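K.L.:
Sending over a structure as structure tokens; questions will come in a sec.
2 protein chains.
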Amino acid sequence: MTPRREHPVALPLENIDITGGLWGERQTINRDRTIPAIYRQLKATGRIDAWDLSRKRERPKRHTVIYMFFDSDTGKWVEAAAYSLAKHADPVLEKQVDDLVSMVQKAQQPDGYLNTYFTNVEPDKRWTNLRDWHELYNAGHLLEGAVAYSKATGKPALQDILTRYIDHIAERFGPDEGQRHGYCGHPEIELALVRLYYATGERRYFDLAKYFIDERGKQPSYFDMEARERGEDPADFWAETYRYCQAHQPIREQQTATGHSVRAGYLYAGVADIAIETGDAALTETAKRLWDDLTTHQMYITGGLGPARSNEGFTFAYDLPNETAYAETCASISLAFWAQRMFHLDPDGRYIDVMERALYNTILAGCSWDGEHFFYANPLASYPNVNPHEPFSGITSARHFRREEWFLCPCCPPNYSRVVGSIGTYLYSTTADTIYTHLYNDSRAHFALSGGEVQIAQQTNYPWDGEIRLSIQAAQPTAFDLALRIPGWCRSYRLSLNGAPFETAPSQGYVHIRRQWREGDQIALTLDMPVERMMAHPQVREDAGRIALQRGPVVYCLEEVDNGANLANLTIPHSSALTAVMDPDLFGGVSVITGEAVRIEPPTWSGDLYQPIDRAAPAAVPVTFRAIPYFFWANRQPGEMRVWIREG
Amino acid sequence: MTPRREHPVALPLENIDITGGLWGERQTINRDRTIPAIYRQLKATGRIDAWDLSRKRERPKRHTVIYMFFDSDTGKWVEAAAYSLAKHADPVLEKQVDDLVSMVQKAQQPDGYLNTYFTNVEPDKRWTNLRDWHELYNAGHLLEGAVAYSKATGKPALQDILTRYIDHIAERFGPDEGQRHGYCGHPEIELALVRLYYATGERRYFDLAKYFIDERGKQPSYFDMEARERGEDPADFWAETYRYCQAHQPIREQQTATGHSVRAGYLYAGVADIAIETGDAALTETAKRLWDDLTTHQMYITGGLGPARSNEGFTFAYDLPNETAYAETCASISLAFWAQRMFHLDPDGRYIDVMERALYNTILAGCSWDGEHFFYANPLASYPNVNPHEPFSGITSARHFRREEWFLCPCCPPNYSRVVGSIGTYLYSTTADTIYTHLYNDSRAHFALSGGEVQIAQQTNYPWDGEIRLSIQAAQPTAFDLALRIPGWCRSYRLSLNGAPFETAPSQGYVHIRRQWREGDQIALTLDMPVERMMAHPQVREDAGRIALQRGPVVYCLEEVDNGANLANLTIPHSSALTAVMDPDLFGGVSVITGEAVRIEPPTWSGDLYQPIDRAAPAAVPVTFRAIPYFFWANRQPGEMRVWIREG
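Residue numbers (the numbering used here), protein chains in the order written: chain A, 1 to 648; chain B, 649 to 1296.
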């Protein structure tokens, strides 16, 4: 089962192997280090044992809500494990999952209900607070993990268990009399249900997803009603407004991306799914409107979303502070999910430009080079002693903002892991007779087109350079349209087909080569990748007078370890030449950017904290700077970091 | 009773009248608008009625600690009222205070104890949590109010009541066996006790102040012990560290200004008081060390202290963010208190420079031009929709950071009011034969020197210009040293005595004129007051590449109402001329600064949120800017504000 055939679909994971390059390296680390590290943490924090209902648990005194979404963390790890197992046999890992599946099976209630917290800890509270307690969100993540695992291993058990649970949910929630007209405070189940629909062909799962999206935000509010049933005043909602969970009005009436950014991204991805499948013009319009608002007003250059810690989300247009940026890793993941679906809804490279921005910057930054430390928030500037999301940092002792082994709320690590494991599905989309290339990375992909089966091998060192070679393998000549993405960041490129220049202007971000393809056809695409001085919209007050360095899709940053302290005093002149060079010794080989800058500082400072500038006599001292890819920051000795650099 | 005579002392309030000028205008508003507004709020919020113990009160469910320091708010209002009554009869106001005094009298317990909360609401909790519950802090503020009121009106009742209470405290706390070795989590009582000592001559009050300061931070910690007595684990202290309340080590061992900044300022003021009186060299050294740390590493150019909301206080050296600055009004008030005492301990104009900076910037900013709205936090940049201290601002609706009529924790409004009412005491200090002038403002002052009695009348439009005239009145020729402060911000000045130039280099910030003064002697001091482009220390990352405009002691800011939006794009070139002009229509007449700036913005923006700077093509458009005194910001239509302006 695939989406309506007039829309492109992602190439399934089983059709593609990542064979090297940056993503290959990240996948190896993911398999060898990240997935085991997450399992150890799930085990150590009781998330695995939570499935053993014979262990009676008490309501925790603090951070109770965290315990309510234990299951989602495990679900995401199962999904990450599934993608790894799909490509790389690992009996130890598979046994870990199978043991878990046995526990899950035993934990399922006779009526199909499946939730460790509301079965074991507060069974009387089941389905009493959809707004805050993540019950459907947990179901969604477990469902995604189940679908992925059953597909990867051919073992139906987990998907069967979850399908029973979803049937239970579908009975309880829906438009009919006797059903609850509710939906989850934290969207996620919507896109998971669409996935189950595609996996099973059962339309009722799609219908439930669509119901959740259509019902959301209607008046009278389900969340109001539910709060009153709990004896609470809905006005006491801790987050003050249902904008927090995008339930302040029906989705079709919403004008701006708002609220908790992960919730927003997942919801909007679900909206795109429904629009693809239904062709609903109003919903398509809504998805595009929210997309335009988010990407032109509320997105960091790193693809980070949501500047504010208070709501883990959006504030208002052009409010993009750097040092205090929340920019949760999960939010950028939700953006990538949504972007891919937007392309499928409306095939245009502009969506993939954003997907690429999120993947190559904030999402990759979510995990350390060693694969065992994670960022939850992803600021665009960092300063010793400052942890903007830890109230007493800089006060009790010197602390740096660094990746952590785990979090009280550990949504990001397994989310990162499942994206890396499934990165292959982001490289291509297809229709019956078109292959769209989105990302470039060493890989081998297999396509079943209306005209026959073909394979494409990619060879490239992308994103470190823009040389990309595609080799076609086809048992027999096959007609299709190969649509090669020319990224939005790319101002000039050269394309050749079997050594001869191929000159066609790209359309909506893609150069289309329609022909009868033959075994051994060679495409060489060179995307010119100079260092770009990027400027933010003039209403982004935090970035005024500053530039960010970007090369290809990769945003760069300065770190103190390379450039000394007081990075705020470093200015890159208009005229200075900027050079990208491969540093083979850095993180296994990455391109760094060097160039001439000036440090504008008084040679000495003998006055008070403040003094007239003519007395301070700042001098401009030429220095050579070195910038590294943002996504690998904080992997060496701690110190200052900044993306937006003074310019002038 | 006055301090040891080798140290200067402040001229008492009864010896000086403010006769006009900026402070005269603020005092009129304070009397007519601010003091009544605060009383209305005290009444409306139950702070007056709290003294009626016949009204049984329940423990509030939320914000309980706020209710525990109700008495301090009232104490500060009494003090403000006292200063006003000392200069201006007001039967209505005096009756309000007298009625309150009657209630206070009835509320005093047979043993002298006096606290509305711990008498009426939780009597069993008396003296069980000095760390958090502000009991001694309340006593301190009530005491200051009582001393001021009894002096202003000659009515001894309130001071007698408080003296009984202090005697009760002195019995309970102290070094002896059977006494508790405690001290307040929120310092304040120390300086209040010294004040009572000066008012009564009773040395035991001084000794108690000294005891509180000497005992603070000793090991084993009183706060630890007290927490264990409550059955709590001291490690669970919500503020994580006793640095929060400057009790992490004995004061003589403390190296840096740390923790909650109001607590710090009051404590350090008390430390200076003790050092003045005892001549304790180590304590003097400590006071100077903490002073140097605070003023050269941790002070905003506005005299604001404490960048962080989390601890309402200090973080680390050079961490001075502008938009999120906490910089509580009370903290700058505590700094002014401390600065004046530092001068008395170590007569040097550098302390008065800081006192002046705090008074003319953050402290004056604490109240609106209309006298009825107040700032608690005092950011140095503000942006529509951003209230950095209100978690959901910018999310639920458009809100500006503006002065409020009142606060849940309303410490700042009455604190501002008492400072304005007593501003006369900051103009002069004296020894037996020296008169130091600190601040310049229209005023008449009376001095009783060893050589006889003299009066000085000041005429000036300071801080709007630097012309100051002092006229001496003396019934007979009187010898004394007139020490005229040449502010640290002043690079050139002219001084004449009876029309003839008087040329002596200043020493430690003062020009000394020692002579036999006669009736009618005239001094004319002209402090050149050009607009200064101020630069921050090169490690202040937030201010890199920026200047602040200062003229005399007044720091200026740009407001959107004068300069349009997107103030971040405004740059003041090195070379542009800056002019100060009096605007008689603005806030009753203030100097504003105008000059040429450039707006660096792309004329149009047709691209994405980010684009290469060569495509954005920013242009520099010349504009005339207008800056107003920072302390009057947010008195017109809401919009952006910034103190630190791009320079280049």
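Cβ coordinates follow ideal geometry from the N, Cα and C atoms, glycine included.
Bear in mind that the values here come from a model prediction, so they are computed numbers and not experimental data.
Just grab the DSSP bridge partners of residue 1344 (chain B) for me.
P.N.:
Outside the shown range of chain B, which is 649 to 1296, sits residue 1344 (chain B), and nothing can be said about it.
K.L.:
Got a sec: is the Cβ-Cβ distance from residue 643 (chain A) to anything in chain B below 9 Å?
P.N.:
Here residue 643 (chain A) refers to the residue found at position 643 of the first sequence. Cβ-Cβ to chain B under 9 Å: no for residue 643 (chain A).
K.L.:
DSSP three-state call for residue 180 (chain A): helix, strand or coil?
P.N.:
The residue given as residue 180 (chain A) occupies position 180 in the first sequence. Three-state DSSP puts residue 180 (chain A) in a strand.
K.L.:
Could you pull out every residue in the same chain whose Cβ sits closer than 7 Å to the Cβ of residue 852 (chain B), ignoring the five residues on either side in sequence?
P.N.:
On the second sequence, position 204 is the one that residue 852 (chain B) refers to. The answer, listed in chain order, is 818.
K.L.:
At the 9 Å Cβ level, is residue 249 (chain A) part of the contact set with chain B, yes or no?
P.N.:
Translated into positions along the first sequence, residue 249 (chain A) becomes position 249. Closer than 9 Å: no.
K.L.:
Using a C-beta to C-beta distance shorter than 9 Å, which residues of chain A count as neighbours of residue 1214 (chain B)?
P.N.:
Here residue 1214 (chain B) is taken as the residue at index 566 of the second sequence, counted from 1. The contacting residues are 538, 539, 541, 544.
K.L.:
Answer with yes or no whether the minimum CB distance from residue 964 (chain B) to chain A is below 9 Å.
P.N.:
As a working mapping, residue 964 (chain B) is identified with position 316 in the second sequence. So yes, residue 964 (chain B) belongs to the interface.
K.L.:
Just to confirm the assignment, what range does the beta strand (DSSP E) spanning residue 556 (chain A) have?
P.N.:
The sequence position of residue 556 (chain A) within the first sequence is 556, counting from 1. Counting along the chain, the beta strand (DSSP E) containing residue 556 (chain A) begins and ends at 554-559.
K.L.:
Please tell me whether residue 629 (chain A) has its Cβ less than 9 Å away from any Cβ of chain B.
P.N.:
Working through the first sequence from its first residue, we reach residue 629 (chain A) at position 629. No, residue 629 (chain A) does not count as interfacial toward chain B.
K.L.:
I want to know whether the segment 81-98 of chain A touches the segment 16-33 of chain A - three or more CB-CB distances under 8 Å.
P.N.:
Verdict: yes, contact present.
K.L.:
Using a Cβ-Cβ cut-off of less than 7 Å, list which residues of the segment 1153-1187 of chain B approach chain A; keep chain order.
P.N.:
Those would be 1180, 1181, 1182, 1183, 1184, 1185, 1186, 1187, in chain order.
K.L.:
Please confirm if residue 246 (chain A) has its CB atom under 9 Å from at least one CB of chain B.
P.N.:
Locating residue 246 (chain A) in the first sequence gives position 246, counting from the first residue. No, no contact with chain B.
K.L.:
For residue 1249 (chain B), go through chain A and note every residue whose CB falls closer than 8 Å to its CB, in chain order.
P.N.:
Within the second sequence, numbered from 1, the residue matching residue 1249 (chain B) stands at position 601. The answer, in chain order, is 538.
K.L.:
Considering only the alpha carbon of each residue, which of A:59, A:53, A:26 lies closest to residue 107 (chain A)?
P.N.:
Taking the first residue of the first sequence as 1, we reach residue 107 (chain A) at position 107. Answer by Cα proximity: A:53.
K.L.:
For residue 470 (chain A) versus residue 493 (chain A), is the C-beta distance shorter than 9 Å?
P.N.:
Within the first sequence, residue 470 (chain A) is the residue found at index 470, counting from 1. Within the first sequence, residue 493 (chain A) is the residue found at index 493, counting from 1. No.
K.L.:
Counting beta carbon pairs with one atom in the segment 494-514 of chain A and one in the segment 458-477 of chain A, are three or more of them shorter than 8 Å?
P.N.:
No, because fewer than three Cβ pairs between the segment 458-477 of chain A and the segment 494-514 of chain A fall closer than 8 Å, the two stretches do not touch.
K.L.:
To be precise: take each residue of the segment 1254-1271 of chain B, compare its Cβ to all Cβ atoms of chain A, and keep it if any distance is under 8 Å. Which residues remain?
P.N.:
Those residues of the segment 1254-1271 of chain B that come within reach of chain A (Cβ to Cβ, closer than 8 Å) are 1256, 1257, 1258, 1259, 1260, 1261, 1262, 1264, 1266.
K.L.:
Taking residue 993 (chain B) and residue 655 (chain B) to be in contact with their CB atoms under 8 Å, please state how far apart those CB atoms are, rounded to whole angstroms.
P.N.:
One-based indexing of the second sequence puts residue 993 (chain B) at position 345. One-based indexing of the second sequence puts residue 655 (chain B) at position 7. With 8 Å as the limit, residue 993 (chain B) and residue 655 (chain B) qualify as a contact, their Cβ atoms being about 7 Å apart.
K.L.:
For residue 752 (chain B), count the other beta carbons within 10 Å of its own beta carbon; 16 or more makes it buried, fewer makes it exposed. Which is it?
P.N.:
As a position in the second sequence, residue 752 (chain B) is number 104, starting the count at 1. With 16 or more other Cβ atoms within 10 Å, it is buried.
K.L.:
Going along the segment 295-308 of chain A in order, which residues come within less than 8 Å of chain B, judged by CB to CB distance?
P.N.:
From the segment 295-308 of chain A, only 295, 296, 297, 299, 301, 308 have a Cβ closer than 8 Å to chain B.
K.L.:
Relative to the C-alpha of residue 225 (chain A), which residue among A:182, A:190, A:635 is closest?
P.N.:
Residue mapping note: residue 225 (chain A) aligns to position 225 of the first sequence, counting from 1. Nearest of A:182, A:190, A:635 to residue 225 (chain A), Cα basis: A:182.
K.L.:
Below 8 Å on the Cβ atoms is my contact criterion, and I expect residue 558 (chain A) with residue 641 (chain A) to pass it. Report the Cβ-Cβ distance as a whole number of Å.
P.N.:
The residue labelled residue 558 (chain A) in the question sits at position 558 within the first sequence. The residue labelled residue 641 (chain A) in the question sits at position 641 within the first sequence. Confirmed, about 7 Å.
K.L.:
Which residues in the same chain as residue 1081 (chain B) place their Cβ atom closer than 8 Å to its Cβ, once the five residues preceding and following it in sequence are excluded?
P.N.:
The residue labelled residue 1081 (chain B) in the question sits at position 433 within the second sequence. Contacts found: 1097, 1098, 1099, 1127, 1128, 1129.
K.L.:
Closer than 8 Å is the cut-off here; do at least three beta carbon pairs connect the segment 378-388 of chain A with the segment 313-330 of chain A?
P.N.:
Judged by Cβ distances under 8 Å, the segment 378-388 of chain A makes contact with the segment 313-330 of chain A, as three or more pairs qualify.
K.L.:
Assuming residue 446 (chain A) is part of the beta strand (DSSP E), what are its boundary residues?
P.N.:
One-based indexing of the first sequence puts residue 446 (chain A) at position 446. From DSSP, the beta strand (DSSP E) with residue 446 (chain A) extends over 443-449.
K.L.:
How about residue 1052 (chain B) and residue 1024 (chain B): are their beta carbons less than 9 Å apart?
P.N.:
Along the second sequence, read from residue 1 onward, the residue named residue 1052 (chain B) stands at position 404. Along the second sequence, read from residue 1 onward, the residue named residue 1024 (chain B) stands at position 376. Taking 9 Å as the Cβ cut-off, residue 1052 (chain B) and residue 1024 (chain B) qualify as a contacting pair.
K.L.:
Does the Cβ-Cβ distance between residue 910 (chain B) and residue 954 (chain B) come in under 9 Å?
P.N.:
What you label residue 910 (chain B) is simply residue 262 of the second sequence in a count that begins at 1. What you label residue 954 (chain B) is simply residue 306 of the second sequence in a count that begins at 1. It is a contact, given that the beta carbons lie within the stated cut-off.
K.L.:
Determine whether the beta carbon atoms of residue 1292 (chain B) and residue 1200 (chain B) lie at a separation below 9 Å.
P.N.:
The count along the second sequence starts at 1 and reaches residue 1292 (chain B) at position 644. The count along the second sequence starts at 1 and reaches residue 1200 (chain B) at position 552. Contact flag unset, no.
K.L.:
Could you name the residues of the segment 371-386 of chain A whose beta carbon sits closer than 8 Å to any beta carbon of chain B, in the order they occur along the chain?
P.N.:
Flagged, chain order: 383, 385, 386.
K.L.:
Using Cβ-Cβ distances below 8 Å, what residues of the segment 991-1020 of chain B are close to chain C?
P.N.:
Absent here is chain C; the protein component of the structure consists of chains A and B.
K.L.:
Put residue 854 (chain B) into one of helix, strand or coil per three-state DSSP.
P.N.:
In the second sequence, residue 854 (chain B) corresponds to position 206, counting from 1. DSSP places residue 854 (chain B) in helix when its eight states are reduced to three.
K.L.:
For residue 648 (chain A), which residues in chain B fall below 7 Å Cβ to Cβ?
P.N.:
Locating residue 648 (chain A) in the first sequence gives position 648, where the first residue counts as 1. Within 7 Å Cβ-Cβ: 1296.
K.L.:
State the start and end residues of the unbroken alpha helix (DSSP H) segment that holds residue 198 (chain A).
P.N.:
The residue given as residue 198 (chain A) occupies position 198 in the first sequence. Unbroken alpha helix (DSSP H) run through residue 198 (chain A): 189-200.
K.L.:
How far does the alpha helix (DSSP H) with residue 452 (chain A) in it reach, from first residue to last?
P.N.:
Mapped onto the first sequence, residue 452 (chain A) falls at position 452. No alpha helix (DSSP H) contains residue 452 (chain A), which is instead part of the beta strand (DSSP E) from 452-460.
K.L.:
With C-beta atoms as the reference, is residue 581 (chain A) less than 9 Å away from residue 601 (chain A)?
P.N.:
Taking the first sequence and counting its residues from 1, one reaches residue 581 (chain A) at position 581. Taking the first sequence and counting its residues from 1, one reaches residue 601 (chain A) at position 601. Contact flag unset, no.
K.L.:
Could you say if the segment 56-66 of chain A and the segment 115-124 of chain A meet the contact criterion of at least three C-beta pairs nearer than 8 Å?
P.N.:
The answer is yes - the segment 115-124 of chain A touches the segment 56-66 of chain A, with three or more Cβ pairs under 8 Å.
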